[in-house]
Amino acid sequence: MTTTVDPTSDPAVRQALDSLLLSMADDEFVIGFSDSEWTGIAPMLEEDVAMSSIAQDELGHARALYELLAAVRDDAKDADAIAFDREPDEYRHCRLVDHGRGNWAQTVVRRFLYDTADAVRLDAVVASSFAPLAELAAKIQREERYHVMHARTWFDRLAARAGEPRQRLDAALDVLGQDAGTVFTELPGEPALVAAGILGATMAELERRSRAQLAPILQGHGLRLPARDPDAAGRSAHGDDFLWLWGEFTSVRRLDPVATW
Amino acid sequence: MSRVLATGVNEAAADGAVVDEAAADGAVVDEVAVRSALREVVDPEIPTVSIVDLGIVERIRVDDSAIHVELLPTWVGCPALEVIKGAVEDRLVAFDRHAEVVFTLAVPWTTDRLTDDGRDGLRRAGIAPPGDGVVACPFCASTRVAMDNLFGPTLCRSLFYCRDCRQPFEAFKQI
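Line by line, the protein sequences give chains A and B. At position 107 of the first sequence (counting the first as 1) the number is 107 in my numbering, and the numbers step up by one without a gap. At position 136 of the second sequence (counting the first as 1) the number is 397 in my numbering, and the numbers step up by one without a gap.
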């Protein structure tokens, strides 16, 4: 944070910053909304509370990132307009969070993979030359620590229990593990972001760091992270799970665009 | 608060200072007066703790045209933030001057910013204040406690159980 980048000064940097903020905001928004589906039906009461709280955190982070994006764009569209007024194919969340919440093991595996990746990504913007992003990342980091603790606890718990818990965990890791790296899909204009000091390292480097963090934990359970699916579309194509979720989270907005809720 | 304000008025009068409209109502508008007024604004979810003792009043600046207040969000997604902003604006109406209340992230709010009065207020609400890994029951002060859930009824709290007085209680998360 020694120098502050004015993203409006260079259109290429501004466009790249737009992609970065949108990808981070959409990831938090979609996983937050998806995990909020557990409210009332989690395997135990404590997890109803935990998942509701985590989902609320993520939606709060998404809102703050959308607000930052709205300020960068300065086009009279507010955070709600960005969050709710897009068609499904305009969302830029990664494929890891595009899956439905699935069963509890799938939710645990996804949270574990996503929270690990998100922590690595936040580390790469906490010293961003774009001060508002650095400040927000520093604040979010303190909250995400609790998510990581929660996800790790559940991952270890399911992995250590032979039989159905471990079988479900293994199956979830087979499917979701190959999408773990999609959090680090190369962004449009990424070299400009790194050159401007807005992003601390390339996404490829961040993916390497994230895999390095996951490896010893997975090895401790006799597991390994599958290779990234080469056909994974990254952030541009979305599946039926997301189309359904989009219908849910835009329903009030489509019913009454000016409703206060 | 009234004592502080009264003193301010007396000083202004003694100095022969120009008495503005607010002062005519018995109040000098300055940072001290505003901070004192904000001590009356409480956290909507923890009514025993003022926002000043919560440590979220980062900056108060008073100029001829407006009162500027910068607040720090406790948790980014806390739904009480808008309520607190509205309560601050309502309280500042008494100063009869335009008020600009904004949230800033320039400084991250941490639980270290809670004052001693704020920590006492948490205990009175049945919430254990954060304490570097040591959580004490707000009812009997025992540290023989067990965490039931890292997450609680609001973003900022965890759930605990006291093994001595056998009360479930909430604890403020440390950030």
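Glycine residues also receive a C-beta, built at the ideal position from the N, C-alpha and C atoms.
Counted within 10 angstroms of its Cβ, other Cβ atoms place residue i as buried (16 or more) or exposed
i: B/N413; result: The sequence shown places Gly at residue 413 of chain B, rather than the Asn named in the question. With 16 or more other Cβ atoms within 10 Å, it is buried.
i: A/D75; result: exposed
i: A/W154; result: buried
i: B/N410; result: buried
i: B/T415; result: buried
i: A/D115; result: buried
i: A/S52; result: buried
i: B/P399; result: buried
i: A/M1; result: Residue confidence for A/M1 is low, a pLDDT of 41 falling below 50, so the modelled location carries little weight; the figure read from the coordinates is stated next. Exposed, because fewer than 16 other Cβ atoms sit within 10 Å of the Cβ of A/M1.
i: A/P230; result: exposed
i: A/G239; result: exposed
i: A/W7; result: Inspection of the sequence shows that residue 7 of chain A is occupied by Pro rather than by Trp. Buried, since its Cβ has 16 or more Cβ neighbours within 10 Å.
i: A/V252; result: exposed
i: B/V354; result: exposed
i: A/Q167; result: exposed
i: B/D377; result: exposed
i: B/V406; result: buried
i: A/L265; result: Given that chain A is displayed from residue 1 to residue 261, the structure contains no residue 265 of chain A and the question cannot be resolved.
i: A/L69; result: buried
i: B/L266; result: Because B/L266 sits at a pLDDT of 33, beneath the cut-off of 50, its placement in the model cannot be relied upon, and the point is left open.
Short CB-CB distance (under 8 Å) between residue i and chain B
i: A/M149; result: yes
i: A/H93; result: no
i: A/Y146; result: yes
i: A/G40; result: no
i: A/I140; result: yes
i: A/V49; result: yes
i: A/L17; result: no
i: A/E67; result: no
i: A/I198; result: no
i: A/G60; result: yes
i: A/S34; result: no
i: A/L136; result: yes
Residue i, DSSP secondary structure in three states
i: A/M44; result: coil
i: B/E319; result: strand
i: B/A360; result: strand
i: B/V349; result: helix
i: B/F430; result: strand
i: A/P257; result: coil
i: A/S236; result: coil
i: B/P308; result: strand
i: A/Y114; result: helix
i: A/R152; result: helix
i: B/D409; result: strand
i: A/F242; result: helix
i: A/A83; result: helix
i: A/Y146; result: helix
i: A/H61; result: helix
i: B/S419; result: strand
i: B/E331; result: strand
i: A/I31; result: helix
i: A/I140; result: helix
Chain A contact for residue i (CB, 8 Å cutoff)
i: B/V303; result: no
i: B/K346; result: no
i: B/A432; result: no
i: B/D351; result: no
i: B/P390; result: no
i: B/F421; result: no
i: B/P369; result: yes
i: B/D409; result: yes
i: B/L416; result: yes
Proximity below 8 Å, CB of residue i to CB of residue j
i: A/L96; j: A/L113; result: yes
i: A/L169; j: A/A227; result: no
i: B/G316; j: B/G379; result: yes
i: A/L176; j: A/H99; result: yes
i: A/G247; j: A/A12; result: no
i: A/A81; j: A/E67; result: no
i: A/I217; j: A/S129; result: no
i: B/L333; j: B/T365; result: yes
i: A/A138; j: B/P369; result: yes
i: B/V295; j: B/D304; result: no
i: B/V323; j: B/L299; result: no
i: B/T372; j: B/F430; result: no
i: A/A71; j: A/L193; result: no
i: B/I345; j: B/I312; result: yes
i: A/L243; j: A/L173; result: no
i: A/A233; j: A/L225; result: no
i: A/D35; j: A/A55; result: yes
Stretch pair the stretch 17 to 25 of chain A + the stretch 33 to 46 of chain A: three plus CB contacts closer than 8 Å: Verdict: no, contact absent.
Touch test, the stretch 346 to 364 of chain B against the stretch 60 to 76 of chain A, Cβ-Cβ under 8 Å, three pairs minimum: No: fewer than three Cβ pairs fall under 8 Å.
Cβ contact check for the stretch 116 to 126 of chain A and the stretch 196 to 211 of chain A: 3 or more pairs under 8 Å: Yes, the stretch 116 to 126 of chain A is in contact with the stretch 196 to 211 of chain A.
Contact between the stretch 323 to 338 of chain B and the stretch 386 to 397 of chain B (3+ Cβ pairs under 8 Å): Verdict: no, contact absent.
Stretch pair the stretch 158 to 172 of chain A + the stretch 87 to 95 of chain A: three plus CB contacts closer than 8 Å: The answer is no - the stretch 87 to 95 of chain A does not touch the stretch 158 to 172 of chain A, with fewer than three Cβ pairs under 8 Å.
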